[in-house]
Amino acid sequence: MNIESRALYITAASIGFFHTLLGPDHYIPFIVISKARKWSLLKTNLITLVCGIGHVGSSILIGFIGVLLGVAVNKLTPIEATRGSVAAWLMIAFGLVYFIWGFRKAIKEKQHNHKHVHSDGTIHVHKHSHFKEHSHIHERKSIKELTPWILFTIFIFGPCEPFIPILLYPAAQNNILDIIMVTAIFSTVTVGTMMLIVTTSLFGFKFLPKLNIERFMHAIAGATILLCGISIQFLGL
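Under the working numbering, the first residue of the sequence shown is numbered 8, with each subsequent residue one higher.
Dropping the structure here:
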């Protein structure tokens with residue numbers, strides 16, 4: 008391995024790590040949805056893995072097509088920018104709809120008191136929620152089933168902007184080995200960082216004090232995803 012290849016691999020790994028770490032949209036949606044839907048750690052990581060592969064895979068495909076056709080990087084950049092805008096608007100739409108649905112669900116789950124008077128005059132009071140007891144019956148199954156697919160669609164459109172510039176350098180040198188290595192390293196580090204942050208965050212939640220906000224978790228998840236989309240579209244994060 009020569010010095011140029013080593014530097015290229017380190018660059019691919021570093022950019023893969025930092026662009027994921029500094030992009031909250033890479034992991035926050037999985038964290039908040041996992042908490043709201045009470046996914047297991049295994050299921051959360053599996054969904055994160057699949058979405059991460061879709062995320063980097065779409066940019067790899069565009070990058071490879073560009074390399075094969077000899078398309079200049081300045082012509083590929085607008086394509087990635089357009090995809091990024093589409094992903095941001097999809098995230099905004101999903102977050103807004105999920106927030107509205109979660110807020111309505113939280114209102115319906117509000118508990119109320121039931122009083123029972125016994126024969127000896129004793130009054131017994133207990134809290135009751137009709138919606139929560141029957142939520143599994145009334146909640147549409149499609150909502151649970153569609154959520155992972157919606158996340159996957161959003162991440163398919165979400166571009167890995169730094170990847171194509173990194174890829175084009177070894178491609179310009181006609182170095183097939185470096186093209187393969189850069190692609191493998193960038194993809195592995197990006198998806199691995201996504202899963203590491205998601206796992207670490209969910210593990211860290213166990214040490215936080217428990218708050219009585221369970222019925223608002225879906226609304227909180229929707230609002231968080233909505234803010235992520237807004238930050239990407241209007242703040243350039």
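For every residue, glycine included, the Cβ atom is placed at its ideal position computed from N, Cα and C. Being a predicted model, the structure only gives us computed values, none of them experimental.
Practice prompt. Determine the burial state of residue 216: buried for a count of at least 16 other Cβ atoms within 10 Å of its Cβ, exposed for fewer.
Written response: exposed
Worksheet item: Taking the Cβ atom as the reference point for each residue, do residue 211 and residue 94 lie within a distance shorter than 8 Å?
Response: no
Item to complete: Take the Cβ of residue 15 as the centre, count every other Cβ of all protein chains shown within 10 Å, and call the residue buried at 16 or more, exposed below.
Response: buried
Worksheet item: Going by Cα to Cα distance, which pick from 230, 169, 170 is closest to residue 39?
Response: 230
Worksheet item: Which residue spans inside the region 37-118 form an unbroken alpha helix (DSSP H) run of at least 4?
Response: 48-76, 80-115
Discussion item. Tell me the rounded alpha-carbon separation between residue 156 and residue 115.
Written reply: 26 Å
Discussion item. Between the region 188-198 and the region 63-71, can you find at least three pairs of beta-carbon atoms closer than 8 Å?
Written reply: yes
Worksheet item: Going straight from the alpha carbon of residue 59 to that of residue 9, what length do you get?
Response: 30 Å
Fill in: Nearest-angstrom beta carbon gap, residue 200 and residue 28 [assumed within contact, 8 Å]
6 Å
Worksheet item: Can you name the start and end residues of the alpha helix (DSSP H) that residue 16 belongs to?
Response: 10-28
Worksheet entry | Own chain, CB closer than 7 Å to residue 237, minus 5 neighbours either side, in chain order | 99
Item to complete: Using alpha carbons as the reference points, say which of 202, 168, 226 lies closest to residue 86.
Response: 168
Worksheet item: Secondary structure at residue 215, three-state DSSP: helix, strand or coil?
Response: coil
Discussion item. Quick check: residue 105 and residue 232, are their CB atoms within less than 8 Å of each other?
Written reply: yes
Discussion item. So for residue 165, helix, strand or coil by DSSP?
Written reply: coil
Fill in: residue 240 in three-state terms, based on DSSP
helix
Item to complete: Inspect the beta-carbon positions of residue 55 and residue 71 and report whether they are closer than 8 Å.
Response: no
Worksheet item: Applying the criterion that 16 or more other CB atoms from any shown protein chain within 10 Å of the CB defines a buried residue, is residue 47 buried or exposed?
Response: exposed
Fill in: Residues of its chain near residue 42, where Cβ-Cβ distance is below 8 Å and the 5 sequence neighbours each way are ignored
209, 212, 224, 228
Discussion item. Here's the rule I'm using: 16 or more other beta-carbon atoms within 10 Å means buried, otherwise exposed. How should residue 50 be labelled?
Written reply: exposed
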